[in-house]
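One structure is given below, encoded as structure tokens.
Residue numbers (full-length UniProt numbering): 1 to 301.
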């Protein structure tokens, strides 16, 4: 592969919950993700955006096939290899080593009864690295990510770290095995604004230094503007728009994308005027479509 070739190619991905696995029952299978396609190249940062429930996380988790009670369709090619239908052994070798994932809440992602060192070093230990080398590399990664006295704090527990430091620990565990793709699932949601900025800077820095591809999942377009190269917009399980980040903000094509951008609060907005919602944009688009349909019907008559 050359640096211009996609390292991850997703084609017509579908994620379906079979009727037998639906919580509380329900008639028929439930489609969560419908024919989603995108590519990511080495060093590229792709943001997957949309409201809660749009299918972003299910799409990302499907790359690593983390959910047992769903059926996947389409194609997921990693470095030229097809992952759908791959053996458990193949998937285990890729998870954490070639592709790593950061989950939303760093406190629930970390085991409270294991030390920081045990958790950051684990991706190396399960691949046969000696304990001495694994812990040395764990301390080095924590130090690179700005954790003070990293070597000493390998013996600490997650409850002894602040929220921002815990997120750095989660990042260290994700990056210590030097993956080629990092999936970051809303990694700044539970953090204050200052810590959010620090975490985003770290992701961008590691992406540049390691030529690390990043799939960044978020509902916050203000984050996307300063981090991503490209943006893919999801709406109700489907990918409705995909553009370079500058083009998306300059000329959004889909009404849902315009709604996401238009609903972001502005400092210069009139506080007495109700904030426009995404649904306002979608309702306006539906009304416009109905007018066009009526005009076409009248023209035919």
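We put the beta carbon where it would ideally sit given N, CA and C, even for glycine.
Computed from a predicted model, the values in this text were never measured in an experiment.
Using 10 angstroms around the beta-carbon of residue i, count the other beta-carbons present and answer buried if the total reaches 16, otherwise exposed.
i: residue 64; result: buried
i: residue 20; result: exposed
i: residue 1; result: With a pLDDT of 42 at residue 1, under the threshold of 50, the predicted position of this residue should be treated as unreliable, though the coordinate-derived value follows. So residue 1 ends up on the exposed side.
i: residue 180; result: buried
i: residue 117; result: buried
i: residue 23; result: exposed
i: residue 185; result: buried
i: residue 119; result: buried
i: residue 113; result: exposed
i: residue 8; result: buried
i: residue 377; result: Missing from the structure shown is residue 377; the chain here goes from 1 to 301 and no further.
i: residue 291; result: exposed
i: residue 50; result: buried
i: residue 196; result: buried
i: residue 315; result: Absent from the model: residue 315. The displayed extent of the chain is 1 to 301, so no value can be given.
i: residue 85; result: exposed
Looking at the unbroken alpha helix (DSSP H) that takes in residue i, where does it start and where does it end?
i: residue 202; result: 193 to 210
i: residue 121; result: 116 to 125
i: residue 142; result: 131 to 144
i: residue 250; result: 245 to 250
i: residue 169; result: 163 to 175
i: residue 256; result: 255 to 262
i: residue 156; result: Premise fails: residue 156 is in no alpha helix (DSSP H) and is neither H nor E.
Measuring alpha carbon to alpha carbon, tell me which residue in the options is nearest residue i.
i: residue 15; options: 8, 54 and 177; result: 54
i: residue 48; options: 151, 7 and 57; result: 57
i: residue 6; options: 191, 32, 211 and 201; result: 211
i: residue 121; options: 96, 102 and 182; result: 96
i: residue 278; options: 219, 104 and 224; result: 219
i: residue 243; options: 77, 254 and 231; result: 231
i: residue 31; options: 68, 41, 42 and 17; result: 17
i: residue 165; options: 192, 234, 258 and 182; result: 192
i: residue 40; options: 99, 69 and 174; result: 99
i: residue 93; options: 102, 206 and 78; result: 78
i: residue 145; options: 171, 194, 125 and 45; result: 171
i: residue 154; options: 209, 136 and 265; result: 136
i: residue 318; options: 46, 59 and 167; result: There is no way to answer for residue 318, as the model of the chain reaches only from 1 to 301.
i: residue 124; options: 91, 178 and 89; result: 178
i: residue 141; options: 111, 173, 128 and 260; result: 173
i: residue 29; options: 226, 69, 160 and 251; result: 69
i: residue 281; options: 268, 261 and 267; result: 261
Which residues does DSSP pair with residue i in a beta bridge?
i: residue 217; result: 48 and 185
i: residue 239; result: 234
i: residue 36; result: 13
i: residue 31; result: 16
Would you mind reading off the limits of the beta strand (DSSP E) that contains residue i?
i: residue 11; result: 8 to 17
i: residue 232; result: 230 to 235
At 4 residues or longer, what runs of the alpha helix (DSSP H) sit wholly inside the segment 39 to 112? Fully enclosed alpha helix (DSSP H) runs of 4 or longer: 56 to 64, 88 to 94 and 106 to 109.
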